[in-house]
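These notes concern the structure reproduced below.
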Amino acid sequence: MADILLTPDEGGYYCLTRELPPETMRQLAQLSALEPLKLSITKIAQFGVGHARCLAGLRVQQLWIWCDVTRAAMNHILQLEGLRELDILCMSGPGKLKNFHKAVQLEVFRANHYMTEPDLLQVAQCKSIRVLGAQNADLTQSAFAALLSMPNLTALDLEATRFDDKMARKISRSTTVTSLDVGGTRLTRAGLAHLMKMTQLQSLDLWALDLNATDLTILLTLPNLEYVSFGGNDNAPPLDAGAITTLILGSHSLKRVWLEGIPLEVRQREALEVKLEYLHLSN
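According to numbering that gives the first Met the number 0, the sequence shown is numbered sequentially starting from 0.
Listed below in structure tokens is the structure:
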């Protein structure tokens, strides 16, 4: 049987599922000798050291692993030549996370689940990271302080963490973070007021927070805000559709909006569609 030649998808990713057979890895080695690869790996129950060693020697620019990845495997992945962007679904044991300080070209790192305080402290040692996704992480005060010390950080996703008003006050001193996701956290109206000091903010995700439409009017003081997300709090009454529509229409900077669980009337939706470049509505 002839070997199946690998071809990238529309996004330029070579997509691997379930196994990493030797012939596939040989083809990838030949391809990576020509230019750094973009790889997507899925449907592996747990991506371990054995899988990570299969990637050794490849030049990989972007790596997307949508499964559990052990910390021991991460320590191999972080040493891949040319790695600039790394997305994983879950951080899992065994092993202790290290080697982030060796990933000197890594600019984007996202892990959606289960990063611990020690994990975050290790991540903070990577000074080149600009975009960090730490959803559902164990965000302690020490870990948060370490993240704020990262010199090139411009985008931070802390959805579903213990981010609170005290942390909001601390991050409000940043003049470099332009994108902040704090949906599903402990942020209240008081913390939101602190964030208004970050006049450089271009993107702010406030999904599933205990805020009402009156609280959100303070967003009009952010002169560079282009994207916002709110709604989706199942434990609170829906945000007032009229007030939200008025808020968005009153903004001189907003271009893209994500609304969840806000029952807009047809005329309200049409008015927003005229103003905005992008409008997402969901129940």
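Beta carbons are placed, not taken as given, at the ideal position from N, Cα and C, and that holds for glycine.
- For residue 251, no alpha helix (DSSP H) run applies, since DSSP gives it neither H nor E.
- When only Cα atoms are considered, residue 89 and residue 263 end up about 36 Å apart.
- For residue 177, the secondary structure class from DSSP, reduced to helix, strand or coil, is coil.
- As DSSP reads the structure, residue 37 sits in a beta bridge with 61.
- The beta carbons of residue 38 and residue 62 sit about 5 Å from each other, so the pair counts as a contact at 8 Å.
- Counted as a single uninterrupted DSSP element, the stretch harbouring residue 227 is not any alpha helix (DSSP H) but the beta strand (DSSP E) occupying residues 226-230.
- When DSSP reads this structure, residue 132 sits in a beta bridge with 109, 156.
- DSSP places residue 255 within a strand segment (E or B) once states are collapsed to three.
- Residue 4 has its alpha-carbon roughly 8 Å from the corresponding atom of residue 23.
- Under DSSP, the beta-bridge partners assigned to residue 80 are 58.
- Annotation for residue 271: the continuous alpha helix (DSSP H) segment containing it runs 265-274.
- Taking the Cα positions, residue 99 is about 36 Å away from residue 279.
- The secondary-structure analysis by DSSP pairs residue 279 across a beta bridge with 257.
- At least 9 Å separates the beta-carbon of residue 101 from that of residue 85.
- Restricting attention to alpha helix (DSSP H) runs no shorter than 4 residues, the stretch 197-246 encloses them at 212-215, ordered along the chain.
- 83 is the residue among 117, 93, 119, 83 whose C-alpha sits nearest the C-alpha of residue 104.
- When secondary structure is reduced to three states using DSSP, residue 148 falls in the coil class, being assigned neither helix nor strand.
- Two segments are said to touch when three or more pairs of C-beta atoms, one from each, lie closer than 8 Å; by this definition the stretch 208-215 touches the stretch 238-258.
- Secondary structure of residue 162 (DSSP, three-state): coil.
- Between residue 226 and residue 7, the alpha-carbon positions lie close to 31 Å from each other.
- Ranked by Cα distance from residue 35, the first of 53, 57, 196 is 57.
- With respect to residue 137, residue 156 sits apart: the two C-beta atoms are not nearer than 9 Å.
- Ranked by Cα distance from residue 249, the options 266, 238, 270 are led by 270.
- Straight-line measurement puts the Cα of residue 235 at about 42 Å from the Cα of residue 11.
- Using a Cβ distance threshold of 9 Å, residue 184 and residue 210 do not count as a contacting pair.
- Counting every other CB atom within 10 Å of its CB across the protein chains shown gives residue 198 a total below 16, marking it as exposed.
- The closest CA to that of residue 182, considering only 193, 141, 142, 230, is found on 230.
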